[in-house]
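K.L.:
Would you mind keeping the following structure in view while I ask a few things?
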Amino acid sequence: MTDIDLTSSAAARVAAIAAKQGKPAILRLAVEGGGCSGFQYRFGLAEAVEADDIMVERDGVTLVVDDVSIDLVRGSAVDFVSDLGGKAFKVTNPNATAGCGCGTSFSI
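Here's what the structure looks like:
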């Protein structure tokens, strides 16, 4: 099992955003305390990969997760979805025991 996966849809969206902003195609996923279920996901473009990052590449895009957050998202997949609720990055996390309606908060 890989530590984490990045779908083709998510990679394409990161590449488009990075190109538009003139930044490297590196998406950072971090887990922070908070949200309505205890933890929440935070996404952002990164300028570089840090020495202790776990990383995965797909279609020229790199997903990085810090060594603390990886324990909470190991085995997850990061996707980009478009539905009636809008467009967003979504984490399918097998470690989460509960989540919230917004999809950005979870508990373990």
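For the sequence shown, numbering that gives the first Met the number 0 assigns the number 107 to the last residue and increments by one with no breaks.
Beta carbons are placed, not taken as given, at the ideal position from N, Cα and C, and that holds for glycine.
(1) For Val-63, which residues from the same chain have a beta carbon less than 8 Å from its beta carbon, with the 5 sequence-adjacent residues on both sides left out?
(2) Taking just the CA atoms, how far does Asp-66 sit from Gly-85?
(3) If you follow the beta strand (DSSP E) that Ala-76 is part of, which residue opens it and which one closes it?
(4) Among all the DSSP beta bridges, which residues are the ones paired with Lys-86?
(5) If you compare alpha carbons, which of Glu-31, Ser-81 and Asn-94 is closest to Arg-12?
P.N.:
Once the coordinates are examined:
(1) Ile-25, Leu-26, Arg-27, Leu-28, Ala-45, Val-48, Glu-49, Asp-52, Ile-53 and Met-54
(2) 30 Å
(3) 75–82
(4) Ser-81
(5) Ser-81
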